[in-house]
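These notes concern the structure reproduced below.
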Amino acid sequence: MPLLDLPNELLQVIAEELELASDINAFAQTNTRLYRLLNTYLYLYDVNQLGSSALYWATKHGQEATTRKSLQQGAHIESMFESNRTPLALAAENGHEIVVKLLLTTEGVNPDSKDVFKRTPLSLAAEKGHNAVVNLLLLTSGVDPDSRDHQGQTPLSWAAEYGREAVVKLLLSTEGVNPNSKDQNRRTPLLHAAEKGREAVIKLFLATDSVDPDCRGSLGWTPLALAAQRGHEVVVKLLLDVKSVDADSNNYLKRTPLSLAAQSGHDAVVKLLLAMAGVNPDSKDSDGQTPLSQAAENGREAVVKLLLATRGVNPNSKDFFERTPLSLATRNGHKTIVKLFQIHGLAGRDIANH
Numbered sequence: 001m002p003l004l005d006l007p008n009e010l011l012q013v014i015a016e017e018l019e020l021a022s023d024i025n026a027f028a029q030t031n032t033r034l035y036r037l038l039n040t041y042l043y044l045y046d047v048n049q050l051g052s053s054a055l056y057w058a059t060k061h062g063q064e065a066t067t068r069k070s071l072q073q074g075a076h077i078e079s080m081f082e083s084n085r086t087p088l089a090l091a092a093e094n095g096h097e098i099v100v101k102l103l104l105t106t107e108g109v110n111p112d113s114k115d116v117f118k119r120t121p122l123s124l125a126a127e128k129g130h131n132a133v134v135n136l137l138l139l140t141s142g143v144d145p146d147s148r149d150h151q152g153q154t155p156l157s158w159a160a161e162y163g164r165e166a167v168v169k170l171l172l173s174t175e176g177v178n179p180n181s182k183d184q185n186r187r188t189p190l191l192h193a194a195e196k197g198r199e200a201v202i203k204l205f206l207a208t209d210s211v212d213p214d215c216r217g218s219l220g221w222t223p224l225a226l227a228a229q230r231g232h233e234v235v236v237k238l239l240l241d242v243k244s245v246d247a248d249s250n251n252y253l254k255r256t257p258l259s260l261a262a263q264s265g266h267d268a269v270v271k272l273l274l275a276m277a278g279v280n281p282d283s284k285d286s287d288g289q290t291p292l293s294q295a296a297e298n299g300r301e302a303v304v305k306l307l308l309a310t311r312g313v314n315p316n317s318k319d320f321f322e323r324t325p326l327s328l329a330t331r332n333g334h335k336t337i338v339k340l341f342q343i344h345g346l347a348g349r350d351i352a353n354h
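In full-length UniProt numbering, the protein residues as written are 1 to 354.
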């Protein structure tokens with residue numbers, strides 16, 4: 001008797017004797033009749049023997065039909081997969097709006113579940129910039145819009161760090177979200193955005209009255225200091241236009257935004273800062289180094305030119321180790337910097353004294 005002439009009951013028994021899901025699937029693919037007969041069994045097998053791998057794959061890749069069938073055959077809505085992430089977390093992280101909708105309406109779902117890093121579905125969606133998913137979650141009862149993960153970062157903090165403008169705008173308008181929340185390093189969402197140069201996000205924060213534009217992290221870093229060190233010229237301009245921002249703030253090493261920009265060689269930022277009233281062009285850090293000293297030591301030719309032409313800068317200043325800008329440039333082999341000092345008539349005198 002041909003195999004396909006067997007009654008459904010015997011075909012089901014044959015399928016149950018197969019040990020591998022791939023074999024069952026191959027058997028089910030033989031023809032339409034077998035597929036219809038064994039498709040449900042395949043999902044049951046996956047739930048009972050494979051830890052609901054079909055649900056994992058479907059939620060991660062946005063397959064609504066497979067997600068629905070897997071749940072219908074007993075896959076647990078709160079199954080935990082990689083990093084203890086639930087099906088909802090996987091769908092939210094990958095921006096699958098339709099699957100998220102399905103899961104949120106499934107009995108037993110926890111819309112605010114936390115993975116091993118204490119990240120919620122909202123936190124994951126906010127980081128990736130999935131605005132539609134974020135909106136769905138914010139409208140769901142039981143979701144904390146200001147939850148903190150193991151680093152103390154909130155959904156707003158993650159969205160700000162990665163420049164997710166639409167998500168930041170949405171969260172800033174959500175009740176219960178603290179725009180000045182601080183993580184374990186006392187960094188606010190604005191500080192994260194400033195460090196990464198997220199211009200559009202910075203504008204949103206500066207337009208929000210409750211945001212502190214001159215907040216400090218645990219080591220005294222301000223948004224301006226971080227932006228200056230990284231060379232984010234547009235962000236520096238935006239922050240300098242805010243009256244309450246201290247353009248000459250010090251961090252824990254007494255480094256100013258000018259000092260940080262000079263050390264990193266960001267001449268455009270240095271120009272902006274030198275044009276600001278209240279900025280000391282010759283400030284000293286905890287080692288007694290000035291912006292000129294930092295620029296000379298690190299071979300920042302354009303910055304050295306700017307500072308040597310600036311009133312109030314002492315080209316012969318000594319740090320707490322008796323080092324001058326020229327001696328540092330000489331020691332590090334920055335010949336073009338040494339020539340700049342020669343042009344200013346400083347090289348012979350300094351070398352004679354060292």
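Glycine residues also receive a C-beta, built at the ideal position from the N, C-alpha and C atoms.
Alpha-carbon to alpha-carbon, residue j and residue i
| i | j | result |
| --- | --- | --- |
| R164 | L340 | 44 Å |
| T81 | Y56 | The question names Thr, but residue 81 is Phe in the sequence shown. One C-alpha to the other measures close to 7 Å. |
| H232 | A200 | 13 Å |
| G345 | H266 | 25 Å |
| T330 | L306 | 19 Å |
| T290 | N250 | 13 Å |
| V270 | E175 | 39 Å |
| Q184 | L219 | 12 Å |
| S157 | P111 | 20 Å |
| A159 | I77 | 27 Å |
| L171 | N94 | 19 Å |
| L108 | Q72 | Leu is not the amino acid found at residue 108; the sequence shown has Gly there. Approximately 13 Å, taken between the alpha carbons. |
| L34 | L42 | Unreliable positioning characterises L34 in this predicted model, as indicated by a pLDDT of 48, which lies under 50. A coordinate reading is not provided. |
| S327 | G288 | 14 Å |
| R68 | L240 | 53 Å |
| L124 | R230 | 26 Å |
| G217 | P315 | 32 Å |
| D149 | G278 | 39 Å |
| R187 | S181 | 8 Å |
| L104 | R198 | 32 Å |
Residue i - DSSP class collapsed to helix/strand/coil
| i | result |
| --- | --- |
| I98 | helix |
| H61 | helix |
| S113 | coil |
| S157 | helix |
| V143 | coil |
| S327 | helix |
| residue 434 | Residue 434 cannot be examined here, being either before or after the span of the chain that is shown, 1 to 354. |
| V338 | helix |
| P213 | coil |
| N118 | In the sequence as displayed, the identity of residue 118 is Lys instead of Asn. If DSSP states are grouped into helix, strand and coil, K118 belongs with coil. |
| T106 | coil |
| S218 | coil |
| N250 | coil |
| E93 | helix |
| G343 | Before going on, a small fix: residue 343 reads as Ile here, not Gly. Here I343 sits in helix by DSSP. |
| H81 | Contrary to the premise, residue 81 reads as Phe rather than His in this sequence. Three-state result, F81: coil. |
| N332 | coil |
| N185 | coil |
| T67 | helix |
| S53 | helix |
| H207 | According to the sequence displayed, residue 207 carries Ala and not His. DSSP places A207 in coil when its eight states are reduced to three. |
| H192 | helix |
Anticipated Cβ contact below 8 Å, residue i with residue j, distance rounded
| i | j | result |
| --- | --- | --- |
| P155 | A126 | 4 Å |
| residue 356 | V177 | There is simply no residue 356 to check, as the chain begins at 1 and stops at 354 in what is shown. |
| V245 | D214 | 5 Å |
| P121 | L102 | Actually they are not in contact, since the Cβ atoms of P121 and L102 sit about 13 Å apart, beyond 8 Å. |
| H334 | G299 | 4 Å |
| T324 | S283 | Not quite, the Cβ-Cβ distance comes to about 16 Å (not below 8 Å), so this is no contact. |
Distance CB(residue i)-CB(residue j) smaller than 7 Å
| i | j | result |
| --- | --- | --- |
| L238 | L258 | no |
| A91 | T66 | no |
| A262 | A296 | no |
| T222 | P179 | no |
| T140 | S113 | no |
| D285 | K254 | yes |
| A54 | S70 | yes |
| H96 | G129 | no |
| V133 | V100 | yes |
| L260 | A228 | yes |
To test your reading of the DSSP string, which unbroken beta strand (DSSP E) runs of 3 or more residues are found completely within the region 256 to 321? none
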